[in-house]
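Quick notes on the structure that follows.
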Amino acid sequence: MYENLMEEVVSPENYGKALRAVIANQGAPGIDGMQTKELNGHLLRHWPKIHAKLLAGTYVPSPVKRVEIPKPNGGTRMLGIPTVLDLRHGPASGGSFSRCYCWR
């Protein structure tokens, strides 16, 4: 049932869908400092290598940037901000945010 899951995740249809979702979200940059507007250019240059690592199961995601955000009733809570590149293969593309195979 899942033997072709990564092939589906990196398919052109999911690639485009995930890229549009990440860019539309305009989230804060992770530890690498990459802005969402920089993602498309980065992927154009590096996609073949990233694609190969994903299919081989050798991609290692970057650490998550941890920030504290205030809670409405006082105190703070921790928030994890993945890199834009790692977001690209999250739930919008059929991926996962667990480190079990590629992305957080």
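So that you can map any letter, position 93 of the sequence shown is 92 in numbering that gives the first Met the number 0, and since no number is skipped, the others follow by simple counting.
Don't be surprised by glycine CBs; every beta carbon is placed ideally from N, CA and C.
The model shown is predicted, which means the values in this text are computed figures rather than measured ones.
Any C-beta of chain D under 8 Å from that of residue i
{"i": "Leu54", "result": "The question asks about chain D, but that chain is absent: this structure has only one protein chain."}
Cα-Cα separation, residue i to residue j
{"i": "Lys48", "j": "Ile68", "result": "35 Å"}
{"i": "Leu18", "j": "Glu12", "result": "10 Å"}
{"i": "Leu42", "j": "Glu6", "result": "17 Å"}
Chain-order list of residues whose beta-carbon lies under 6 Å from that of residue i (same chain, five-residue window excluded)
{"i": "Thr82", "result": "Gly29, Asp31 and Ser61"}
{"i": "Ile78", "result": "Before going further, note that residue 78 is Leu rather than Ile in the sequence given. Cβ within range, chain order: Val66 and Ile68."}
Whole-number beta carbon distance between residue j and residue i, since they are thought to touch under 8 Å
{"i": "Val59", "j": "Ile80", "result": "That belief does not hold up - the Cβ atoms of Val59 and Ile80 are roughly 18 Å apart, past 8 Å."}
{"i": "Leu53", "j": "Val9", "result": "5 Å"}
Proximal residues to residue i (C-beta, below 8 Å), its chain only, five neighbours per side dropped
{"i": "Glu37", "result": "Val83"}
{"i": "Thr75", "result": "Glu67, Ile68 and Pro69"}
Please go through the stretch 6-92 and give each complete beta strand (DSSP E) segment of 3 or more residues, from N-terminal end onward.
64-69 and 75-80
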